[in-house]
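Residues are numbered in my numbering as their position in the sequence shown, beginning at 1, plus a constant of 10.
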Amino acid sequence: KMDFLCEIVQALVALAAVVFVVLLVIAHLTAGMVDLTRHEKEKYFLTATGEKRLFPSLHDPHSRELSVVVPAYNEELRLPVMMDEAMEYLENRQKQNPSFTYEVIVVDDGSKDKTTEVALRYTTKYSADKVRVLTLVKNRGKGGAVRMGTLSSRGKVILMADADGATKFSDIEKVEAGLNDLNPKPENMAISCGSRAHLEKDSVAQRSLFRTFLMYGFHFLVWFFCVKGIKDTQCGFKLFTREAALKTFSSLHVERWAFDVELLYIAQCFKIPIAEVAVNWTEIEGSKLVPFWSWLQMGRDLVFIRLRYITGAWKLQSLINE
């Protein structure tokens with residue numbers, strides 16, 4: 011009987027080894043490189059009077075205190091609520107402290123609705139110095155949209171914030187405090203992540219058993235394959251120093267839902283300090299995440315992120331020309 015059990019164990023180990031090798035080969039062969047070339051239309055933003063101006067580069071020295079990058083795909087309905095809250099906060103902050111300068115970059119990720127038109131109303135109201143719209147010719151995915159906006163930003167620090175307004179915008183002060191606590195000297199490398207981990211117990215109580223299983227399965231894969239010590243990698247409210255943004259986004263490959271995980275994996279590989287800060291978060295209707303298929307896609311991406319770095323298909327080096 012023991013011999014039979016040993017044979018089964020050996021067969022399972024051999025099968026696991028074969029599956030791992032097959033996955034390694036598939037991951038390596040399917041590791042496409044990101045197309046970072048900009049369409050001619052993506053190089054420009056419109057001023058309030060409709061003039062075309064060239065976007066700056068992340069490689070340039072900063073000329074604003076804060077850049078807010080808002081990825082938006084078919085967000086004509088949810089975007090105004092988020093933008094009204096953000097602009098009210100930013101304008102009040104500037105009134106209290108005139109030396110505080112900011113910009114908001116709304117990245118329309120190839121929307122089929124009027125997202126660009128809605129965003130441009132804020133350019134008209136506040137000027138293109140404060141609100142710029144980057145309209146992508148085709149949909150890249152959330153990670154691709156955030157990267158394109160970040161590469162076009164002028165801020166000393168850069169905040170990515172979701173267009174649905176799920177996180178209270180004034181919580182930027184919490185992630186700023188988290189960034190400052192890291193004391194990112196001398197290279198000024200630091201990332202501060204908004205986190206919903208403190209809300210997990212309540213959310214589990216409201217979720218189905220299946221969705222809870224998927225969530226914990228995803229957390230396990232994140233921890234096992236990629237990112238250690240960060241409880242919530244997916245909250246779309248993250249603050250980067252300009253230097254950390256350049257270092258991480260320059261090496262990013264994943265452009266869809268799992269891009270946050272690769273971004274933080276890259277940061278940990280470069281030993282960039284990361285803070286995790288609890289923020290207020292409300293679930294907003296209209297999510298683009300299709301529960302089962304999106305989780306499945308993210309799970310596959312997580313496994314492949316790790317395997318592609320193991321095989322050397324992807325390397326930690328700048329994809330963006332200096």
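Quick reminder that beta carbons are idealized off the backbone N, C-alpha and C, glycines included.
Sorting K166, C203, L317, V78 by C-alpha distance to the C-alpha of N290 places C203 at the top. Ranked by how close their Cα comes to the Cα of K281, the residues L192, A288, F234 have L192 in first place. DSSP places Y132 in the uninterrupted alpha helix (DSSP H) bounded by 125–136. The count of Cβ pairs closer than 8 Å, one atom from the stretch 113–126 and one from the stretch 82–95, reaches three, so the stretches are in contact.
Its chain contains F110 as the residues whose beta carbon lies nearer than 7 Å to that of R103, once the 5 sequence neighbours on both sides are disregarded; these appear in chain order.
Rounded to whole angstroms, the gap between the alpha carbons of P66 and Y99 is 25 Å. From the listed residues C279, V156, V32, R164, the smallest Cα separation to W267 is found for V156. In the DSSP assignment, Y112 falls within the unbroken beta strand (DSSP E) covering 112–118. If you compare the alpha carbons of K166, K148, Q20 with that of E265, the shortest gap goes to K148.
According to DSSP, residue pairing for L64 in a beta bridge involves Y54. Taking C-beta separations shorter than 6 Å and ignoring five residues to either side along the sequence, the partners of S73 in its chain run R164, following chain order. Between the alpha carbons of F250 and I201 lies a gap of roughly 5 Å.
A direct Cα-to-Cα measurement between A26 and R150 gives close to 34 Å. For R142, the enclosing beta strand (DSSP E) covers residues 141–145.
Contact between the stretch 77–84 and the stretch 36–51 is absent: fewer than 3 CB-CB pairs across the two stretches fall below 8 Å. Here L76 carries a strand assignment [DSSP, helix/strand/coil]. With contacts defined by Cβ atoms closer than 8 Å, I315 and E272 form a contacting pair. Taking T160 as the centre and dropping the five residues before and after it, the same chain places the C-beta of L68, V79, I168, A255, F259 closer than 7 Å to its C-beta, in chain order.
Counting along the chain, L100 sits inside no beta strand (DSSP E); it lies in the alpha helix (DSSP H) bounded by residues 89–106.
With at least 16 other beta carbons inside 10 angstroms of its own, D172 counts as buried. The C-beta distance from T243 to D270 rounds to 5 Å, short enough to meet the 8 Å contact threshold.
In the DSSP assignment, K166 is bridged to no other residue. Residue nearest to S162 within the set T177, G175, V143 is V143 (criterion: CA-CA distance).
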